[in-house]
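S.K.: Next up is a structure, given as structure tokens.
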Amino acid sequence: MGNMELQRNMMKRLIRQVVQSSLIYGMILAVVLLVGYLAGHSVVWQGTEPSYPFFHWVSLHAVGTGVCLFFIGEILILLAYLWRICGYIQSILKSMRRVYEDGGSAEKNLAGPEENHQEDWIMLPEELKEAEQQMNLLHQQVQKSRTQAREAEQRKNDLVVYLAHDLKTPLTSVLGYLVLLEEALDLPKEQREKYVTIARKKAERLEELINEFFEITRFNLTSMELERQRINFTRLLEQTVYEFQPMLREKQLGCRLEAEPDVMFSCDLDKMQRVVDNLLRNAILYGYGGTELLITLKVVKQEEDCLELTVQNAGPTIPAGKLERIFQQFYRLDVARTSSTGGAGLGLAIAREIVQLHGGSITAESQNEVTVFRVRLPINS
């Protein structure tokens, strides 16, 4: 329910209560005046009774007295409701402060409403139940966002520590082999070439780790903006697969591309290239050696035509509970970092952000040791 609709409902309810109270008061006042009038005229007054002057004055000014009493009562009713409204405003302001309060531990914030302690819920008067529901929902969303931000920050800090530790290993190896080459000038050619090759590979690994540091910083400090142009998406996939051939051969993987010919699409070329690159790299890193990757591209006819890109690999099944989390910043499936799959855990998070900027969606499915990443992009976005 939107804020405007919520305000209208609350205003209608308040006006209805004021009108009902006014009508009830008016009817009670009319009955009291009528009964008093009838009772007064049914009595034979002698003129000496103490109350006679009062009732005589009222009988002479019955209409004016009734109108005055009615307006006095209406003013009191309005004052009572204004007092109640002030109480509502105070309750809402107090609840708004609670909405943005830090609700405690991550486990508690991520728990569902039925799992949270009742004292953490926002409680408003019965007349504000709709506002109460909206505030509790907002409160849970705020706390969940804070928890996710804390978890992302913790994952980033852990990765920085891991990367700093991992930098030492290849750096030590490079320095060690360079010292050997410098001191042992009479090494056989084959041995010298072996040491040079090992030092080069370790230096390349060192470069990858340094790039991951830059990736973490760039992801946090830059906001993405699209520079759209019309591209041949089919040709983009063909070129990307070709560029990954050395990495595919190293992992003993095959790659099959099934794409409709010359699919044209308006997008940011560099960023869409990054999406494809990240998906393919992820499929290679976690794919079983000796298997084949399958990349498909087709136009799907729906209410709104869209492109559907899928990247499928044979690899370890991703548990259902982790399928959504793999798109979070700095999240990695393999908690224990290894040189073969080490990464900052940003590839899929960046891919999702780019796809969403293009108005699309990215999902993952994994079962029976087959994982499929599916990207849908609206053609007319």
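The numbering of the sequence shown is the working numbering, which starts it at -7 and goes up by one.
Ideal Cβ positions, reconstructed from N, Cα and C, are used throughout, including at glycine.
Could you compute how far the alpha carbon of Arg222 sits from the alpha carbon of Cys259?
M.R.: Taking the first residue of the sequence shown as 1, we reach residue 222 at position 230. Taking the first residue of the sequence shown as 1, we reach residue 259 at position 267. Spanning the two alpha carbons is a distance of roughly 6 Å.
S.K.: Which stretch, first to last residue, makes up the alpha helix (DSSP H) that contains Gly339?
M.R.: Reading the sequence shown from its first residue, position 347 is the one you call residue 339. The continuous alpha helix (DSSP H) containing Gly339 extends over residues Gly339 to Leu349.
S.K.: Between the beta-carbon of Leu245 and the beta-carbon of Thr283, is there less than 8 Å?
M.R.: Position 253 of the sequence shown holds residue 245. Position 291 of the sequence shown holds residue 283. Cβ distance < 8 Å, so Leu245 and Thr283 count as in contact.
S.K.: Pairs of beta-carbons, one from the region 221 to 238 and one from the region 304 to 318, closer than 8 Å: are there three or more?
M.R.: no
S.K.: For Glu274, which of helix, strand or coil comes out of DSSP?
M.R.: On the sequence shown, position 282 is the one that residue 274 refers to. Correcting the residue identity first, residue 274 is Asn in this sequence and not Glu. Correct three-state label for Asn274: helix.
S.K.: Per DSSP, what kind of secondary structure is Leu249 in: helix, strand or coil?
M.R.: Looking up residue 249 in the sequence shown gives position 257. Strand.
S.K.: When DSSP labels each residue in this structure, what does Lys290 get in the three-state scheme?
M.R.: The residue labelled residue 290 in the question sits at position 298 within the sequence shown. In the three-state reduction of the DSSP assignment, Lys290 falls in the strand class.
S.K.: Secondary structure at Val364, three-state DSSP: helix, strand or coil?
M.R.: As a first step, residue 364 is located in the sequence shown; it is residue number 372 there, counting from the start. Note: Val364 maps to strand in three-state DSSP.
S.K.: In whole angstroms, give me the CA-to-CA distance for Tyr280 and Glu124.
M.R.: Locating residue 280 in the sequence shown gives position 288, where the first residue counts as 1. Locating residue 124 in the sequence shown gives position 132, where the first residue counts as 1. Roughly 52 Å between the two C-alpha positions.
S.K.: Which value, in whole angstroms, describes the spacing of the CA atoms of Leu173 and Arg192?
M.R.: Here residue 173 refers to the residue found at position 181 of the sequence shown. Here residue 192 refers to the residue found at position 200 of the sequence shown. Taking the straight line from one Cα to the other gives about 13 Å.
S.K.: DSSP three-state label for Glu185, please.
M.R.: Taking the first residue of the sequence shown as position 1, residue 185 is located at position 193. In the structure shown, Glu185 sits in a helix (DSSP, three-state: H, G or I).
S.K.: Given this structure, state the Cα-to-Cα distance separating Tyr17 from Ile67, to the nearest angstrom.
M.R.: Here residue 17 is taken as the residue at index 25 of the sequence shown, counted from 1. Here residue 67 is taken as the residue at index 75 of the sequence shown, counted from 1. When rounded, the distance between both Cα atoms is 12 Å.
S.K.: To the nearest angstrom, how far is the alpha carbon of Thr288 from that of Val364?
M.R.: Translated into the one-based positions of the sequence shown, residue 288 becomes position 296. Translated into the one-based positions of the sequence shown, residue 364 becomes position 372. Distance between the alpha carbons of Thr288 and Val364: 11 Å.
S.K.: Distance check for Ile276 and Glu175, CA to CA, integer angstroms please.
M.R.: Residue numbering aside, residue 175 sits at position 183 when the sequence shown is read from its first letter. Residue numbering aside, residue 276 sits at position 284 when the sequence shown is read from its first letter. So the two alpha carbons sit approximately 40 Å from each other.
S.K.: Could you name the residues that DSSP lists as bridge partners for Ser353?
M.R.: Start at 1 with the first residue of the sequence shown, and residue 353 comes out as number 361. Per DSSP, Arg368.
S.K.: Rounding to the nearest angstrom, what Cα-Cα distance links Arg220 and Leu261 in this structure?
M.R.: Taking the first residue of the sequence shown as position 1, residue 220 is located at position 228. Taking the first residue of the sequence shown as position 1, residue 261 is located at position 269. Answer to the nearest angstrom: the Cα atoms are 7 Å apart.
S.K.: Taking the alpha helix (DSSP H) that Gln237 falls in, what are its first and last residues?
M.R.: Position 245 of the sequence shown, counting from 1, holds the residue named residue 237. Gln237 -> alpha helix (DSSP H) spans Gln237 to Glu242.
S.K.: Kindly indicate which three-state DSSP category Leu71 falls into: helix, strand or coil?
M.R.: Locating residue 71 in the sequence shown gives position 79, counting from the first residue. Reduced to three states, the DSSP call for Leu71 is helix.
S.K.: Any idea what DSSP makes of Leu102, helix, strand or coil?
M.R.: Working through the sequence shown from its first residue, we reach residue 102 at position 110. Summary for Leu102: the model assigns pLDDT 42, below 50, so the residue's position carries little reliability; its value from the coordinates is reported in the next sentence. Of the three classes helix, strand and coil, the one that applies to Leu102 here is helix, per DSSP.
S.K.: Would you identify the three-state DSSP class for Glu143, choosing helix, strand or coil?
M.R.: Within the sequence shown, numbered from 1, the residue matching residue 143 stands at position 151. Helix, per DSSP.
S.K.: Rounded to the nearest angstrom, how far is the Cβ of Val347 from that of Ile354, given a contact under 8 Å?
M.R.: If you number the sequence shown from 1, residue 347 lands on position 355. If you number the sequence shown from 1, residue 354 lands on position 362. So it is a contact: roughly 5 Å between Cβ atoms.
S.K.: Is it the case that the Cβ atoms of Leu21 and Phe62 are separated by a distance below 8 Å?
M.R.: Position 29 of the sequence shown, counted from the first residue, corresponds to residue 21. Position 70 of the sequence shown, counted from the first residue, corresponds to residue 62. It is a contact, given that the beta carbons lie within the stated cut-off.
S.K.: Closer than 7 Å to a non-hydrogen atom of the ligand NAD - does that hold for the CB of Val364?
M.R.: Ligands in the displayed structure: none, and consequently the ligand NAD is not present.
S.K.: Going by alpha carbons, who is nearest to Ala356 out of Lys160, Leu286, Arg76 and Lys314?
M.R.: For this step, residue 356 is matched to residue 364 along the sequence shown. The option with the nearest alpha carbon to Ala356 is Lys314.
S.K.: List the residues that DSSP assigns as beta-bridge partners of Ala306.
M.R.: Walking along the sequence shown from the start, residue 306 turns up at place 314. Answer is Val362, bridged to Ala306.
S.K.: Do you know whose CA, among Leu340, Val292 and His131, lies nearest Arg89's CA?
M.R.: The sequence position of residue 89 within the sequence shown is 97, counting from 1. The candidate whose alpha carbon is nearest that of Arg89 is His131.
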